[in-house]
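Reading through the structure tokens given below for one structure.
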Amino acid sequence: DVKVTQSSRYLVKRTGEKVFLECVQDMDHENMFWYRQDPGLGLRLIYFSYDVKMKEKGDIPEGYSVSREKKERFSLILESASTNQTSMYLCASRSTGGRGELFFGEGSRLTVL
Amino acid sequence: RKEVEQDPGPFNVPEGATVAFNCTYSNSASQSFFWYRQDCRKEPKLLMSVYSSGNEDGRFTAQLNRASQYISLLIRDSKLSDSATYLCVVNPYSSASKIIFGSGTRLSIRP
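Here the protein sequences line up with chains U and A, keeping their order. Throughout the first sequence, residue numbering follows this note's numbering, covering 1 to 113 in sequence. Throughout the second sequence, residue numbering follows this note's numbering, covering 1001 to 1111 in sequence.
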């Protein structure tokens, strides 16, 4: 069965702290994504990676960076967390071939105080 | 105009009813279409892909109308457990990253 695992379901951090969100997929997918989801704003793409060490900015990359050192792992980094980064963060992956269905992790709910 | 538009609802229907949602998309070159279901405070989960000829999975039927650029989801004999937000997702062919999500339609099934 397809599996996307996010390291932390719930996090509480203080303003200015560095935050790491990790995501691992076991499907050998080339493409991995980080989204954030906020009420009324829907899903917004932060970063996308199409291969190891390759990344593209999404719609809202400001304040975030990513790392993809291995195919199965895609990390989202908040260098200096701010209160407006309080959100639900969703990792997803998909294959390049086929119909391209997205598979999501369970989400990481981050609160920045 | 939004790239993908859905009626946000909420749709509030009695158990056993039939309910239908539509979703319109603006890019006529779009190739793949999906319906996802998202429960409150959970991740979206693939409900079904939408094929050109239409497809059915149990009580759920999805259809694609390329001429009018919309997809639909029909739920028959609705159950309490169908209460969720239903997301329309469109995948334009040209870009691996450009996956467009609708804002979702909230469905609430009452006993």
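For glycine and all other residues, C-beta sits at the position ideal for the given N, C-alpha and C.
7 Å Cβ cutoff, residue i in contact with chain A
| i | result |
| --- | --- |
| L90 (chain U) | yes |
| F20 (chain U) | no |
| R9 (chain U) | no |
| F104 (chain U) | yes |
| L115 (chain U) | Here chain U has residues from 1 to 113 only, and residue 115 (chain U) is not among them. |
| G63 (chain U) | no |
| R14 (chain U) | no |
| G100 (chain U) | yes |
| E56 (chain U) | yes |
| L43 (chain U) | yes |
Cutoff 6 Å; reference residue i; Cβ partners in own chain excluding five residues on either side
| i | result |
| --- | --- |
| E1005 (chain A) | T1024 |
| V66 (chain U) | Y47, K55 and L76 |
Sequence-distant residues of its chain with Cβ nearer than 7 Å to residue i (five each side left out)
| i | result |
| --- | --- |
| C1088 (chain A) | V1004, Q1006, C1023, W1035, I1071 and G1102 |
CB contact below 7 Å: residue i versus chain U
| i | result |
| --- | --- |
| L1046 (chain A) | yes |
| N1091 (chain A) | yes |
| S1030 (chain A) | no |
| S1052 (chain A) | no |
| F1101 (chain A) | yes |
| E1005 (chain A) | no |
| S1097 (chain A) | yes |
| S1049 (chain A) | yes |
Nearest to residue i (by Cα), restricted to the options the options
| i | options | result |
| --- | --- | --- |
| V1050 (chain A) | A:F1033, A:K1079, A:R1059 and A:D1039 | A:F1033 |
| S8 (chain U) | U:Y89, U:K18 and U:Q85 | U:Y89 |
| S1068 (chain A) | A:P1111, A:Q1038 and A:S1052 | A:S1052 |
| F74 (chain U) | U:Y10, U:R14 and U:E22 | U:E22 |
| W34 (chain U) | U:E79, U:G40, U:G16 and U:Q6 | U:Q6 |
Residues bridged to residue i [DSSP beta-bridge criterion]
| i | result |
| --- | --- |
| I1071 (chain A) | A:C1023 and A:L1064 |
| L110 (chain U) | U:L11 and U:S87 |
| I1100 (chain A) | A:V1090 |
| E1005 (chain A) | A:T1024 |
| V1013 (chain A) | A:I1109 |
Any non-hydrogen atom of the ligand ATP closer than 6 Å to residue i Cβ
| i | result |
| --- | --- |
| K57 (chain U) | No copy of the ligand ATP appears in this structure; indeed no ligand is present at all. |
List in chain order: all unbroken beta strand (DSSP E) runs of 3+ residues lying wholly within the region 1023-1062 of chain A.
-> The region 1023-1062 of chain A contains these whole beta strand (DSSP E) runs: 1030-1038, 1044-1050 and 1055-1057.
Could you pull out every unbroken beta strand (DSSP E) segment of at least 3 residues lying fully inside the region 14-97 of chain U, listed in chain order?
-> Counting only runs of 3 or more, we get 19-25, 31-38, 42-51, 54-57, 65-70, 73-78 and 87-94.
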